[in-house]
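Using this note's numbering, the first residue of the sequence shown is number 33, and each one after it goes up by one. What follows is a single structure, written as structure tokens, with notes after it.
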Amino acid sequence: MTTTEPPTTSARRRGAAQVRTRHAARRLLTVLARSVAIFVPVFLVATFVTFALRSLSGLSPARIQLGEEATPEAISRIESQWGLDKPFLAQYGDWFSGVLHGDLGTSWVNGADISTLIGLGLGVSLSVATFALVIGVIVGFALGTVAALRRTTAVDRAITGFVTVISVMPAFVVGIVLVSVLAVGFGLFPSAGYVPAEQGVGPWLAHITLP
């Protein structure tokens, strides 16, 4: 003999599930809206202040790129090409309009496209971040397991103390210590530089292991 669930109970469950889904979607939209509301004014203020500081400094990006021996005509040509001969607000407006269209502008240091420069460094940053995440998960899981198995022992206290010290230290201090000990002291890793994975997995891992 089989029993069937009353239609009213099934309908109530479906209704409750729909309500929970709507609440979750509403919370997600609220979080996204709050993030956008914070990001937009911060982005505008930060970029505006950056442009203002450059303008107030009196430095000419064209002279920086061309060098101190550049002629006034060459400087004027570069400034006109980059739009630096326009009023300050017009320069910021042109740059912001370009950002909305995916154009981040040109580097005032070497004249290279900023989007290209970011793209060249993005692969390195992603490699380092991904490898750091993997190492963090593996080491954290291993230390947590050992500490749990050796609870209230000297091993547990040593692991807890080590993790506490590392977590409160600034990241740049930890990086300097690791490079000084493992790269400079023992020579186990290169102290600087980057090798793409296409040139060998071993050298690539060696260069992204340390900060």
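Idealized CB from N, CA, C, for every residue including glycine. All values derive from a computational prediction rather than experimental measurement.
Please report how far the alpha carbon of A78 lies from the alpha carbon of I70, in whole angstroms. One C-alpha to the other measures close to 12 Å.
What does the Cβ neighbour count give for A94, buried or exposed, with the cut at 16 atoms within 10 Å? buried
Span of the alpha helix (DSSP H) holding T196? 186–200
For D145, the residue or residues it bridges with in DSSP: T138
For T82, count neighbouring Cβ atoms within 10 angstroms of its own Cβ and tell me buried if that reaches 16, exposed if not. Under the 10 Å beta carbon count, T82 is surrounded by fewer than 16 other beta carbons and is classified as exposed.
Is S110 buried or exposed, if buried means 16 or more other CB atoms sit within 10 Å of its CB? This sequence places Ile at residue 110; Ser is not what is there. Answer is buried; the Cβ neighbour count reaches 16.
Three-state secondary structure assigned by DSSP to L220: coil
CA-to-CA distance, R86 to W140, given in whole angstroms: Taking the straight line joining both Cα atoms gives about 11 Å.
Tell me, please, whether the segment 150–169 touches the segment 226–242 by the rule of three or more beta-carbon pairs shorter than 8 Å. yes
Do you know how far the Cα of T138 is from the Cα of S112? Roughly 13 Å between the two C-alpha positions.
From this set, L98, V171, G134, G217, which residue's C-alpha is nearest I198's C-alpha? V171
In the DSSP assignment, find the unbroken alpha helix (DSSP H) run with L132 in it and report its ends. 120–132
With DSSP as the reference, label S92 as helix, strand or coil. coil
Quick one: does the C-beta of Y124 sit closer than 8 Å to a heavy atom of the ligand PLP? The ligand content of the structure shown is nil, which means the ligand PLP is not present either.
Do G115 and A106 count as a contact pair if the criterion is CB distance below 9 Å? Their beta carbons are not under 9 Å apart, which means A106 does not touch G115 by this criterion.
What are the boundary residues of the alpha helix (DSSP H) that Q113 is part of? Per DSSP, the continuous alpha helix (DSSP H) segment holding Q113 begins and ends at 104–114.
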